[in-house]
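In order, the protein sequences belong to chains A and B. With the working numbering applied, the first sequence has no gaps in its numbers, which climb one by one up to 1125 at the end. With the working numbering applied, the second sequence has no gaps in its numbers, which climb one by one up to 1125 at the end. Here a beta-carbon is modelled for each residue, glycine too, at the ideal position from N, C-alpha and C. Since we're looking at a predicted model, the values are computed, not measured. Below is one structure; the comments refer to it alone.
Number of protein chains: 2
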Amino acid sequence: MGGPRFEPVRTVRAYERIVEQVEEAIESGALRPGERLPSERDLMGQFSVSRSTVREALRVLQARGLVRSRPGDPNGAEVQPFSPAALHKSMTTLARVEELSLGELVQFRMVLDASANLLAARLRTDEQLAEMDAAIAAMRAAVEVGYDAFSAADIAFHDAVARASRNKLIQICTDVVRSIVLGLVSGKIAAAADREALMRQSIGHHEEVLAAVRAGDGPLAARLSRQTMYDYYVGYVPEEERPALRALLE
Amino acid sequence: MGGPRFEPVRTVRAYERIVEQVEEAIESGALRPGERLPSERDLMGQFSVSRSTVREALRVLQARGLVRSRPGDPNGAEVQPFSPAALHKSMTTLARVEELSLGELVQFRMVLDASANLLAARLRTDEQLAEMDAAIAAMRAAVEVGYDAFSAADIAFHDAVARASRNKLIQICTDVVRSIVLGLVSGKIAAAADREALMRQSIGHHEEVLAAVRAGDGPLAARLSRQTMYDYYVGYVPEEERPALRALLE
DNA sequence: CGTAGCCTACTGGTCCGACCAGTGCACTAG
DNA sequence: CTAGTGCACTGGTCGGACCAGTAGGCTACG
Chain A
876 MGGPRFEPVR TVRAYERIVE QVEEAIESGA LRPGERLPSE RDLMGQFSVS
926 RSTVREALRV LQARGLVRSR PGDPNGAEVQ PFSPAALHKS MTTLARVEEL
976 SLGELVQFRM VLDASANLLA ARLRTDEQLA EMDAAIAAMR AAVEVGYDAF
1026 SAADIAFHDA VARASRNKLI QICTDVVRSI VLGLVSGKIA AAADREALMR
1076 QSIGHHEEVL AAVRAGDGPL AARLSRQTMY DYYVGYVPEE ERPALRALLE
Chain B
876 MGGPRFEPVR TVRAYERIVE QVEEAIESGA LRPGERLPSE RDLMGQFSVS
926 RSTVREALRV LQARGLVRSR PGDPNGAEVQ PFSPAALHKS MTTLARVEEL
976 SLGELVQFRM VLDASANLLA ARLRTDEQLA EMDAAIAAMR AAVEVGYDAF
1026 SAADIAFHDA VARASRNKLI QICTDVVRSI VLGLVSGKIA AAADREALMR
1076 QSIGHHEEVL AAVRAGDGPL AARLSRQTMY DYYVGYVPEE ERPALRALLE
């Protein structure tokens, strides 16, 4: 006590510092999507490391979704536009190793979608309303075509609402969680005997939601959207998880 | 048209298949946290690839937070328990490259925290209520100590609420987004001249929220928690973003 | 003169062999 | 029985090598 407070030295791997530098360049905007990194052989000169080290750094950057390399490309790795792929990957991992239940996922979707509708009722433009109209029309047309087309139109509707919320975080999380949920249940829905009735019911619910959004009644839109999602998925959620879902419905 | 529909062949890198196999083993539970992978030199034998390839695969797995290697460790890489670190990383990247505004982040926290409170009002145990009581007591005690202690107690309160919601996704996303927000504003709060008044006001708000949770009034708890967060952060949100935040307040 | 096709100079993907600084464990000397 | 010392192994890094693939310039043909 009393002496100088030494901090434990942290050994930093060479490849980590390369990752940091490139990451900083990308996140600060010095490197924009579409631009190219120098070739691996150039980079080993610039960083004064071996190619193995450069490559390990590039692997990490690629795993984070920041760059992409293609064999034979005369240019170096390409800086990628942001995509939620990495977010999606880690959330999917989370869902598997933490054993996220379908109930939790659906509950989260109810929360996000309701919030998106609440905001959309306030902030939507007429153009976005038209997109939602078009999506519902597509849903109606898709009932005859098949579940895949219906699901695509359904997604388009929810995406339009999410965009109208003007919150990118809501948009992206909605997208990520939805794809995980659909990965779990889409097979079951497609195989359900009464799927046509389900689809028609869902369309009616979506129309009610849209009417509330159009009228600017955010709380109503939020409540209806929660109910819509509950009705659509409750059949696939185990009995014991349903009360937690219903807790969101008042 | 009419001929057999060929699919484009996707060349799969060797290291990717190693990643897939190890990932599968971990996510399926065949490899549990704390267990060790074989050494890199063993793995090159098992997968019939060179060590460089093994190492690139391990770098990817490490970037995803699934394993961790330590130089000198006589055992191989250690399988890690899930941590939201990877999720945090990709969301932080998202916040930077997509230029997520503080307004969007705070709005998202309002949504998550309100939902957590809504659920907590229904599902909380007496033990969790006690934790929330303790956290508020700590907040009160910390006003004299300093902002860091206050912030820690504040986090403890919100964590207790999130746990009481019994939704791991809400817990983790709350945690991740909160740390990003605090990274943006904690310096400003600590330097604010009227921070003591802000802290006292915040404590009062938290007490009201807790009372609603204790009474089982979910909608009230949700509304109060939104207001609490709004009041706490609105000073740091640009004027033009505030209407979107207020849209959540009715 | 225009174009089809080849050639070359690169790229990234993979392999090999080597060295170093650490770590844990068994063995040994006290 | 313990304290200390090697040793055998680890991951981190290096350098060189080869391969398959690509793009773009060059050539030769029409």
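Item to complete: Can you grab the Cα-Cα spacing for the pair B:M985 / B:Y1107, in whole Å?
Response: Here the question's residue 985 of chain B lines up with position 110 in the second sequence. Here the question's residue 1107 of chain B lines up with position 232 in the second sequence. Distance between the alpha carbons of B:M985 and B:Y1107: 11 Å.
Discussion item. Check for me: the alpha helix (DSSP H) holding B:Y1022 runs from which residue to which?
Written reply: Stepping through the second sequence from its first residue, residue 1022 of chain B is reached at position 147. Per DSSP, B:Y1022 belongs to the alpha helix (DSSP H) from Y1022 to A1039.
Worksheet entry | B:V897 (DSSP reduced to helix, strand or coil) | Locating residue 897 of chain B in the second sequence gives position 22, counting from the first residue. The three-state reading of DSSP puts B:V897 in helix, counting H, G and I together.
Worksheet entry | chain A within 8 Å of B:R1093, Cβ atoms only | Counting from one through the second sequence, the residue named residue 1093 of chain B turns up at place 218. Note that residue 1093 of chain B is Gly in the sequence shown, not Arg. The C-beta of B:G1093 comes closer than 8 Å to at least one C-beta of chain A.
Item to complete: Starting from the beta carbon of A:K1063, find every residue of chain B whose beta carbon is closer than 7 Å, and list them in chain order.
Response: Translated into positions along the first sequence, residue 1063 of chain A becomes position 188. Result: empty, since nearest Cβ-Cβ is about 21 Å, beyond 7 Å.
Worksheet item: Under a three-way DSSP split, which group does A:E1125 fall into?
Response: As a first step, residue 1125 of chain A is located in the first sequence; it is residue number 250 there, counting from the start. Three-state result, A:E1125: coil.
Fill in: Where A:D917 falls, given that 16 or more other Cβ within 10 Å makes a residue buried
Taking the first residue of the first sequence as 1, we reach residue 917 of chain A at position 42. Label assigned to A:D917: exposed.
Worksheet item: When the cut-off is 8 Å and only beta carbons count, does B:E1125 lie next to chain A?
Response: If you number the second sequence from 1, residue 1125 of chain B lands on position 250. Residue contact with chain A for B:E1125: present (Cβ-Cβ distance below 8 Å to some residue of chain A).
Discussion item. So with CB distances below 9 Å, who are the chain B contacts of A:V972?
Written reply: In the first sequence, counting from the first residue as 1, residue 972 of chain A sits at position 97. Near A:V972 (Cβ distances below 9 Å), the residues of chain B are I901, E902, G904, P908, L941, P956 and F957.
Worksheet entry | Residues of the stretch 1021-1048 of chain B with Cβ closer than 8 Å to any Cβ of chain A, in chain order | Within the stretch 1021-1048 of chain B, the qualifying residues are R1041, N1042, K1043, L1044, I1045, I1047 and C1048.
Discussion item. Below 8 Å on the Cβ atoms is my contact criterion, and I expect A:A995 with A:S1040 to pass it. Report the Cβ-Cβ distance as a whole number of Å.
Written reply: In the first sequence, residue 995 of chain A corresponds to position 120, counting from 1. In the first sequence, residue 1040 of chain A corresponds to position 165, counting from 1. Contact flag correct, Cβ pair sits at about 5 Å.
Worksheet item: By the 10 Å Cβ neighbour count, where 16 or more other Cβ atoms means buried, how is A:V1088 classified, buried or exposed?
Response: Numbered from 1 along the first sequence, position 213 holds the residue referred to as residue 1088 of chain A. By the Cβ-count criterion, A:V1088 is buried, with 16 or more other Cβ atoms from all chains shown falling within 10 Å of its own Cβ.
Worksheet item: Would A:G1110 be called buried (16 or more neighbouring beta carbons within 10 Å of its own) or exposed?
Response: Your numbering for residue 1110 of chain A matches position 235 in the first sequence. Exposed, because fewer than 16 other Cβ atoms sit within 10 Å of the Cβ of A:G1110.
Fill in: Close Cβ partners of A:R1101 (< 8 Å) along its chain, the five nearest in sequence each way excluded
Position 226 of the first sequence holds residue 1101 of chain A. Around A:R1101: M985, D988, A989, L1123 and L1124.
Item to complete: Answer with yes or no whether the minimum CB distance from B:G877 to chain A is below 8 Å.
Response: As a working mapping, residue 877 of chain B is identified with position 2 in the second sequence. Unreliable placement is indicated for B:G877, whose pLDDT of 49 sits below 50; no coordinate value is reported for it.
Worksheet item: For the alpha helix (DSSP H) that contains B:N950, what are its first and last residues?
Response: Numbered from 1 along the second sequence, position 75 holds the residue referred to as residue 950 of chain B. Neither: B:N950 is in no alpha helix (DSSP H) and is coded neither H nor E.
Discussion item. Buried or exposed, going by whether 16 or more other CB atoms sit within 10 Å of the CB of A:Q896?
Written reply: Here the question's residue 896 of chain A lines up with position 21 in the first sequence. With fewer than 16 other Cβ atoms within 10 Å, it is exposed.
Worksheet item: Does DSSP put B:V972 in a helix, in a strand, or in coil?
Response: Along the second sequence, one-based indexing puts residue 972 of chain B at 97. Correct three-state label for B:V972: helix.
Practice prompt. Return no unless some Cβ of chain B is closer than 8 Å to the Cβ of A:A1119.
Written response: As a position in the first sequence, residue 1119 of chain A is number 244, starting the count at 1. When Cβ-Cβ separations below 8 Å define contact, A:A1119 makes contact with chain B.
Discussion item. Against chain B, with Cβ distances strictly below 8 Å, would A:A1097 count as a contact?
Written reply: What you label residue 1097 of chain A is simply residue 222 of the first sequence in a count that begins at 1. Chain B, which has no Cβ nearer than 8 Å to the Cβ of A:A1097, makes this no.
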